[in-house]
Amino acid sequence: MFEITLANWPPASRLLAENVSEWFMLFGVLHKLTIGFAVVSVVNGVFMQETFNVAASDDRVMIQKRKRNFQMHRLKMERFFHLADKSSDGAIDIDEFREMTEHKEVSAWLQAMELDVSDPDKLFLLIDSSRRDGRITLEELIRGVGRLKGSAKSLDVACMLEEVAKLHDLIVSQGFRPMPVAQSSPADFLAKARSKTTRLRDALGAKSTTSADGRQFSEWLRSTEDI
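Taking full-length UniProt numbering, the leading residue of the sequence shown gets 1, the next gets one more, and so forth.
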């Protein structure tokens, strides 16, 4: 065992065991079990970690990992769906969803996926991709949770998009035309700024430091507010 680990303990262990006491051999064995094999395990762990890092960059490995993650996500969502669908009608309504989120285990599981369950009604509406039918099918649950799963920023953006969609529908239903998106482009903004700068240079001159120039500069600053 000593020669396999290439340590310098064999000569010392033999001398102590032969000339002093055989109990020193037990000390050497315990030392190699705790220190020697621990070092070997650390070295093996480093090599394995590097191997995993190289394999993770492989496209095929990444695709297989994504497939496994999606299959695992689908299995979890199917389990959740079948438990929540008390009426067995193939869809989850808002009452069934609220009842499931009241369980501590389900709430902790959803929070582990970084889904905010403090407002089950809002989460239900975000998952309901068909909008306003009040029912979530299995495919909607899989896609919706997969879309919202992640950091809180993703959930906030989804909430904002939902509110914007409701506002757009309200505006259209009232017969109003949506507000145009067109505004001044960055190129137009720079062109206006250059024009203002040129007019200022012509008005002030290269070496002008009079109070009149100061008033012109103030007027120019006020005129730039409409850029």
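C-beta: ideal position from N, C-alpha, C; glycine also.
Compute the distance between the beta-carbons of residue i and residue j, then report whether it is under 8 Å.
i, j, result
"Phe70", "Ala84", "no"
"Asp169", "Gly134", "no"
"Met113", "Val106", "no"
"Ala55", "Val46", "no"
Going by beta carbon distance, what residues of the same chain come within less than 8 Å of residue i, once the five residues before and after it are set aside?
i, result
"Ala158", "Leu126, Arg147, Leu148"
"Thr210", "At Thr210, the pLDDT of 45 sits below 50, so the modelled position is not reliable and the matter cannot be decided from this model."
"Leu115", "Leu123, Val145, Leu148, Lys149, Leu155"
"Lys86", "Glu96, Glu99"
"Arg68", "none"
Shortest alpha-carbon distance to residue i belongs to which of the options?
i, options, result
"Asp89", "Leu16, Pro11, Ile136", "Ile136"
"Gly28", "Val43, Pro11, Ser41", "Pro11"
"Ala91", "Val117, Leu138, Arg66", "Leu138"
Go to residue i, then tell me how far its alpha helix (DSSP H) extends in each direction, as first and last residue.
i, result
"Met62", "59 to 84"
"Leu115", "Unbroken run through Leu115: none, as it is neither H nor E."
"His31", "23 to 31"
"residue 234", "The question about residue 234 has no answer, for the chain in this structure spans 1 to 227."
"Gly144", "138 to 148"
"Asp121", "120 to 127"
Under 7 Å Cβ to Cβ from residue i, same chain only, skipping five residues before and after it: list those, please.
i, result
"Glu162", "Leu125, Leu126"
"Leu33", "none"
"Val117", "Thr101, Ser107, Leu110, Gln111, Leu123"
"Ala17", "Phe24, Met25"
Who are the Cβ neighbours of residue i in its own chain at under 6 Å, not counting the five residues just before and after it?
i, result
"residue 232", "Absent from the structure is residue 232, since the part of the chain shown begins at 1 and ends at 227."
"Ser173", "none"
Compute the minimum distance between the beta carbon of residue i and the heavy atoms of the ligand FAD, and state whether it is under 7 Å.
i, result
"Gln174", "Inclusion of the ligand FAD in the displayed structure is not the case, the ligand content being empty and no account of it being possible."
At least one CB of chain B closer than 8 Å to the CB of residue i: is that the case?
i, result
"Leu125", "No chain B is present in this structure, which holds just one protein chain."
For the stretch 140 to 149 and the stretch 66 to 79, state whether three or more C-beta atom pairs, one from each stretch, are separated by less than 8 Å.
-> yes
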